[in-house]
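Numbering (our numbering), first residue to last: 64 to 137.
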C-alpha cells in the first residue's frame, strides 16, 4: 500500500446526495464535512443525484454542490 509523504494531503472521496428523502440534508451535511476536511485533505466530491446516478466533480466543492447537473438535483 503506497504511503503519502508527510507534506502530501490524503485524498478522500466525499459522497453525498442520493435517492432518499434526506437528499437536501445530505448536501448540507457534506458542506459541513468539507469545511472540516478542506485544509488537511484533498477532497473529491462524489454526488449521487435523485435518480441514483453518480457524478464525480472536478471543480470546487461549493460549485459541485450548487450548480451541478442534472436539474432534478437542484
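From the three backbone atoms N, C-alpha and C, an ideal C-beta is built for every residue, glycine too.
Beta-bridge pairing of residue i - partner residues as DSSP gives them
i, result
"residue 110", "79, 118"
"residue 73", "104"
Neighbourhood of residue i by C-beta, 6 Å cutoff - its chain only, sequence neighbours within 5 removed
i, result
"residue 74", "105"
With 16 other Cβ atoms within 10 Å as the buried cut-off, status of residue i
i, result
"residue 110", "buried"
"residue 72", "exposed"
"residue 93", "buried"
"residue 84", "exposed"
Cutoff 7 Å; reference residue i; Cβ partners in own chain excluding five residues on either side
i, result
"residue 86", "80, 113"
"residue 59", "Since the first residue of the chain shown is 64 and the last is 137, residue 59 is not available in this structure."
Residues near residue i in its chain [Cβ-Cβ closer than 8 Å; skip 5 each side]
i, result
"residue 103", "72, 73"
"residue 137", "Unreliable positioning characterises residue 137 in this predicted model, as indicated by a pLDDT of 38, which lies under 50. The coordinate reading is nonetheless provided below. Within the same chain, residue 137 has no close Cβ partners at all."
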